[in-house]
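Chains as they are written, first to last, in my numbering: chain L, 736 to 1249; chain H, 24 to 123.
Inspection log for the structure reproduced underneath, given as structure tokens.
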Amino acid sequence: MTNATEIVKLTAAEMGEKVRNGELSSRELVQAHLDVIEAAEPTIKAFLKVSSDEALEQADAFDKLSADEKAAMPELAGVPIAVKDMIVTKGIETTAASKILEGWVPPYDSTVVERLKAAGMPILGKTNLDEFAMGSSTEHSAFQNTANPWNTGCVPGGSGGGSAAAVAAFEAPLALGTDTGGSIRQPGAFTGTVGVKPTYGGVSRYGAIAMASSLDQIGPATRSVLDSALLYEIIGGHDLRDSTSIPAGPRPAAAAAREGARRDLKGMKVGLIREISGTGDAFEPEVTAHFNACVKMLEDMGAEVIEVSVPRIDYSLGAYYIVMPSEASSNLARYDGMRYGLRVMPPAGVPQTAANMMSATREAGFGDEVKRRIILGTYALSAGYYDAWYGSAQKVRTLIIDDFNKAFEQADVLVCPTAPTTAFEFGSKIDDPMAMYVNDIATIPANLAGLPAMSIPSGVASNGLPTGFQFVAPQQKDEVMYKAAAALEAALEDSWNGPVWQKMNTPWLDGLGA
Amino acid sequence: MAMPTFTREEITHLGELSRIALTETEIVRMQGELNTIADSINKVQQVATADVQPTANPVPLEAYLRPDEAEKPLTQEEALSGAPVKEDGMFVAPRILGEE
Chain L
736 MTNATEIVKL TAAEMGEKVR NGELSSRELV QAHLDVIEAA EPTIKAFLKV
786 SSDEALEQAD AFDKLSADEK AAMPELAGVP IAVKDMIVTK GIETTAASKI
836 LEGWVPPYDS TVVERLKAAG MPILGKTNLD EFAMGSSTEH SAFQNTANPW
886 NTGCVPGGSG GGSAAAVAAF EAPLALGTDT GGSIRQPGAF TGTVGVKPTY
936 GGVSRYGAIA MASSLDQIGP ATRSVLDSAL LYEIIGGHDL RDSTSIPAGP
986 RPAAAAAREG ARRDLKGMKV GLIREISGTG DAFEPEVTAH FNACVKMLED
1036 MGAEVIEVSV PRIDYSLGAY YIVMPSEASS NLARYDGMRY GLRVMPPAGV
1086 PQTAANMMSA TREAGFGDEV KRRIILGTYA LSAGYYDAWY GSAQKVRTLI
1136 IDDFNKAFEQ ADVLVCPTAP TTAFEFGSKI DDPMAMYVND IATIPANLAG
1186 LPAMSIPSGV ASNGLPTGFQ FVAPQQKDEV MYKAAAALEA ALEDSWNGPV
1236 WQKMNTPWLD GLGA
Chain H
24 MAMPTFTREE ITHLGELSRI ALTETEIVRM QGELNTIADS INKVQQVATA
74 DVQPTANPVP LEAYLRPDEA EKPLTQEEAL SGAPVKEDGM FVAPRILGEE
């Protein structure tokens, strides 16, 4: 198998299998993806940095291992991956898509990257995002806009638009993202890919650039549910370097996904979240129609479908836009021009002090959305407003967690559309922060409650853009959503005669191969 | 508590607190945007009654200690590798005090 186009269209699990049985080397896999990256990047712009040399070196090191050594490694050993530029990589520039970190080469690896390397997975490069993961379209990147592979006039979602677009465009079989309010799942919905936010604390955040520490979680972006499960099991599990890391191994996601693929959901109770189940003006009719068709499929596979209520979910957006900027304002205080990153001295005539240098550096280095959130968060944490805002938002988290607990007494897994719309056009929401924020209405609640959640493609709307279906499971029961999602994925692919990406035009793949 | 409205003086002050030398244009634009955002998030106060306990970490864990074993830290060279200005193995910072 030497045709790059054929190779890159395999699932990551299939690639891993071909590496194991000697049909493909890791170097061939890396080279095929580098070829696609070269052809696709002028249009897609998913990558901020392509680490070709490092990836090929890693592949060669893996290919030299003995058969016994390879056999002891995870199923995805030898399969390359892209990493969101919010996650630090030793020796490879890491910027968070911000001018304040431009040129920074981290002296250490994040825990997840250490685990990828130990699993023999070459790193293809660093993907684009909204600056410091603040946004829902990737338009807030300080460096470039990433195009949606389904329609290059539309955004790929955000903040992890680069990871989602890279996976959708076959530039990478797998990618890592970070999800604070939907930054893995909403881009998944917009690009027809799978995006997973594990239980909070399920994957170590050591080396993930901090945005809102009580909400941030690293997770997989892939083209299949099983690929996400296999990747999650590699990066998940306890890490002493993250005090919020759950002291247990990863959940049995891959076994659950394989069980789900048998399409038998008898005994599973699926709860439709009444408040965000696709009704109301915010949801495009086709998003709702695809959602309803998927619910019917779950029912046909034996699941019992009921309606549940999460009554205080209406307060999530408010709570999120207090907690997130508050924590971000504190986390981003470290970018002060002293130890790493940008330093800008104050203009002539202004005293050349440390404090003035910090103000000049942060003014020059941060973009509009980052400044907006730092100012809002500084306000929410300031004397006199702390109780009314931050304190209230923390109480709302308790209420939302209570509501979810009650819902999970009735159902094993909850469902709703991932995003109320399909991907929107560049520029359509960039000047209206609230319009951008409400796009995350269905993804934010899982972050507030620390719940695992994932988005899978639910169809393609008449505008040619994909829609997303979201599963939400109880804390530390990630496997439940993998099982249900794999079942739905199998049923949908059966109805489409193949994966959703068969409906996507890929002009950048023309002329590649043979 | 009623919704506090962002004044331009407050935004200037917040810019100073958060060490961002905001421009005049940014202050004016941010005032409008923040008031719109504040309107829509202020309703959290409606349900946050005194009897509700706050949640800081959605997955509460018992604190535990790491084994007290020395690990290999970054070398001085690695720690300084990203420094904007360095000299003799140290970070160089602008002076802390003003003109006086």
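Ideal placement from N, C-alpha and C gives every residue a C-beta, glycine not left out.
Please read all numbers here as calculations on a predicted model, not as lab measurements.
Item	Value
Ranges of the beta strand (DSSP E) found wholly within the stretch 848 to 880 of chain L, counting only runs of at least 3	858 to 862
Partner residues on chain L for Q68(H), Cβ-Cβ distance less than 7 Å	A1123 and S1127
N1205(L), DSSP secondary structure in three states	Reading off the sequence shown, one finds Gln at residue 1205(L), where the question assumed Asn. Q1205(L): strand per DSSP, three-state reduction.
N1182(L) burial status per 10 Å Cβ neighbour count (16 or more: buried)	buried
CB contact check: V51(H) to chain L, cutoff 9 Å	no
A831(L) to S872(L) span [Cα, whole Å]	15 Å
Test item: CB-CB of S898(L) and T915(L) under 9 Å	no
Inter-residue CB distance, G1100(L) and S833(L) (contact presumed, cutoff 8 Å)	7 Å
Proximity below 9 Å, CB of Q793(L) to CB of S760(L)	no
Meets three-Cβ-pair contact criterion under 8 Å: the stretch 1036 to 1048 of chain L and the stretch 1059 to 1072 of chain L	no
Reduced DSSP secondary structure (H/G/I, E/B, other) of G893(L)	coil
Proximity winner among D1229(L), R1108(L) and L966(L), relative to N58(H) (alpha-carbon distances)	R1108(L)
Cβ pair P955(L), Y967(L) closer than 9 Å	yes
Cβ of R31(H) within 9 Å of any chain L Cβ	no
Close-in-space but distant-in-sequence residues of the same chain around T1014(L) (CB under 8 Å, 5 per side omitted)	T1023
Contact list for Q54(H) against chain L, beta-carbon separation under 9 Å	Residues of chain L passing the Cβ test: none, with the nearest at roughly 10 Å.
Buried or exposed (CB count within 10 angstroms, at least 16 for buried), M1036(L)	buried
Selected residue, minimal CA-CA separation from D74(H), among P857(L), A989(L), R850(L) and T1133(L)	T1133(L)
Proximity to D1016(L) [Cα-Cα], best of P1060(L), S1230(L), T1156(L) and M1093(L)	T1156(L)
Buried versus exposed call for P1242(L) [16 or more other C-beta atoms within 10 Å across all chains shown]	exposed
Per-residue contacts from E101(H) into chain L (C-beta, under 7 Å)	P842
Partners in chain H for E1098(L), counting only beta-carbon separations shorter than 8 Å	I43, A44, L45 and T46
Short CB-CB distance (under 9 Å) between R920(L) and chain H	no
Segment limits, beta strand (DSSP E) that includes G1006(L)	K1004 to I1008
Exposed unless 16 or more other CB atoms sit within 10 angstroms - verdict on G1002(L)	exposed
Complete beta strand (DSSP E) runs within the stretch 1039 to 1088 of chain L (minimum length 3 residues, chain order)	1039 to 1043
Neighbour list for R1078(L) in chain H, Cβ cutoff strictly below 8 Å	P107 and V108
Rounded C-alpha distance that separates T1153(L) from R1097(L)	34 Å
7 Å Cβ cut-off: residues of chain H touching W839(L)	G105
Simplified DSSP state of N738(L), which is helix, strand or coil	coil
Which of helix, strand or coil DSSP assigns to P1192(L)	strand
Rounded C-alpha distance that separates R1074(L) from V108(H)	8 Å
Beta-carbon gap between A79(H) and Q1087(L) smaller than 9 Å	no
Chain-ordered neighbours of N80(H) on chain L, where CB pairs are closer than 7 Å	S949 and T979
Identity of the residue in L950(L), E837(L) and G937(L) nearest S918(L) by Cα	L950(L)
Neighbourhood of P987(L) by C-beta, 7 Å cutoff - its chain only, sequence neighbours within 5 removed	E1214
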